[in-house]
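Visitor:
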DNA sequence: CTTTTTACCTATCAAGTCAATAGGTTTTTT
DNA sequence: AAAAAACCTATTGACTTGATAGGTAAAAAG
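Chains as they are written, first to last, in the working numbering: chain A, 1 to 136; chain B, 1001 to 1136.
1) Going along chain A, which residues have a C-beta under 9 Å from residue 1088(B)?
2) Would residue 1044(B) and residue 1009(B) be called neighbours here (beta carbons separated by less than 8 Å)?
3) Strictly below 7 Å CB to CB, what residues from chain A border residue 1136(B)?
4) Below 8 Å CB to CB, which residues in the same chain sit around residue 1102(B) once its five sequence neighbours on both sides are set aside?
5) Any idea what DSSP makes of residue 67(A), helix, strand or coil?
6) Taking CB distances under 8 Å as the criterion, tell me whether residue 36(A) reaches chain B.
7) For residue 77(A), which of 51(A), 65(A) and 57(A) has the nearest alpha-carbon?
8) In the DSSP output, what is residue 1074(B) paired with across the bridge?
9) Spatial neighbours of residue 1067(B) within its chain, please: C-beta separation below 8 Å, excluding the five flanking residues on both sides.
10) Is DSSP giving residue 54(A) helix, strand or coil here?
11) Between which two residues does the alpha helix (DSSP H) holding residue 1012(B) run?
12) With which residues is residue 1025(B) paired in a DSSP beta bridge?
13) Does any heavy atom of the ligand HEM sit closer than 7 Å to the C-beta of residue 111(A)?
14) Spatial neighbours of residue 38(A) within its chain, please: C-beta separation below 7 Å, excluding the five flanking residues on both sides.
15) As a quick exercise: from 123(A), 128(A) and 40(A), pick the residue whose alpha carbon is nearest that of residue 81(A).
16) Does residue 1113(B) come within less than 8 Å of chain A when only Cβ atoms are used?
17) Please classify residue 100(A): does DSSP put it in a helix, a strand, or coil?
18) Helix, strand or coil for residue 49(A), going by three-state DSSP, please let me know.
19) How many Å lie between residue 1079(B) and residue 1022(B) at the Cα?
20) Under the three-state reduction of DSSP, which class applies to residue 1095(B): helix, strand or coil?
21) Where residue 133(A) and residue 1121(B) are concerned, what is the direct C-alpha to C-alpha distance, given to the nearest angstrom?
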């Protein structure tokens, strides 16, 4: 299950992608348009800024804007950043302690395939794709 | 993320599928072989029995056994039963209250596609497939 | 140089889920 | 009557989720 953190982040990125890329959009505006709690969004945007997916500017005329063109963001990187991992089972996470049952686990190959499928899916969709409706 | 409930259930079903289908296998044996807490497995097996994926028999010589051949179980039905749902986002769950943003949500089509992909994947793999190593 | 606007930061919270444990009851066979 | 096994109800600690509260720092406008 993708949590609200990932889904909201994606919606924010899309919101910004649909704005004039020249100016900064304040959080209030995004929150109002997306109908998401401003304070909660703040936490999400913080992560996006810290990881340079967005840039924030303070003071009047400030707000947030993208650091790249919409075509240069994949849905996968946004979701992975917010969710921590997209791995479906514990033993396939980056930091997973190697399970001693791995050699005899007959479900592991299936989980691996599934993992690859998810990765391929999300890392081949860009914000631009979504905006252009290439998934409707 | 698939939780241990789903993963353990799958392992138990595979364990039973690999036993002589004639007799009943006691919980103790399964728990020992799979190295999973007996008490915790009890909860999982209860659900499987209640939904007729397994049948349980009490008393000496009792235990659990499959109600169908391994080829007649899909991984999808086992996981969906244990996890409640395989839906990746809240708005695609069975009991989801219809989100008023649906008509304008540009991420929804993507989630739908993803959902279908997951469904297709898991509902086309049977226990027999895993046992025969058709996923290694 | 003060006010306004805005992002940024730290802490906290209630509700829920997850994985597991504990202890007892019922059924069946020996 | 005893043993073996499933079945049942309740409880727990740790963690996550989604959110709120209140304050600080920077930038622009007047």
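A virtual CB, placed ideally from N, CA and C, is assigned to each residue, including glycine.
Guide: Result, derived from the coordinates:
1) 1 and 2, listed in chain order.
2) Their beta carbons are under 8 Å apart, which means residue 1044(B) touches residue 1009(B) by this criterion.
3) Ordered by position in chain A, the residues that pass the 7 Å Cβ test against residue 1136(B) are 109.
4) Excluding the 5 residues flanking it on each side, residue 1102(B) has same chain C-beta neighbours closer than 8 Å at 1091 and 1108, in chain order.
5) In the structure shown, residue 67(A) falls within a coil segment according to DSSP collapsed to helix, strand and coil.
6) Among the residues facing chain B, residue 36(A) is not included, as its CB has no counterpart in that chain under 8 Å away.
7) With distances taken between Cα atoms, residue 77(A) lies closest to 51(A).
8) As a beta-bridge residue in DSSP terms, residue 1074(B) pairs with 1126(B).
9) For residue 1067(B), same chain residues with a beta-carbon under 8 Å away, outside a window of 5 residues either side, are 1052, 1053, 1054 and 1055 in chain order.
10) Three-state DSSP puts residue 54(A) in a strand.
11) That run of the alpha helix (DSSP H) goes 1004-1017.
12) For residue 1025(B), which the question treats as bridged, DSSP gives the partners 1064(B).
13) You won't find the ligand HEM in this model; it holds no ligand whatsoever.
14) 27, 28 and 31.
15) The shortest Cα separation from residue 81(A) among 123(A), 128(A) and 40(A) belongs to 123(A).
16) Using a Cβ-Cβ cut-off of 8 Å, residue 1113(B) counts as an interface residue toward chain A, since at least one Cβ of chain A sits closer than that to its own.
17) If DSSP states are grouped into helix, strand and coil, residue 100(A) belongs with coil.
18) DSSP places residue 49(A) in helix when its eight states are reduced to three.
19) In this model, residue 1079(B) and residue 1022(B) are separated by some 25 Å (Cα to Cα).
20) Under the three-state reduction of DSSP, residue 1095(B) is assigned to coil, being neither helix nor strand.
21) Each residue's Cα considered, the two are about 25 Å apart.
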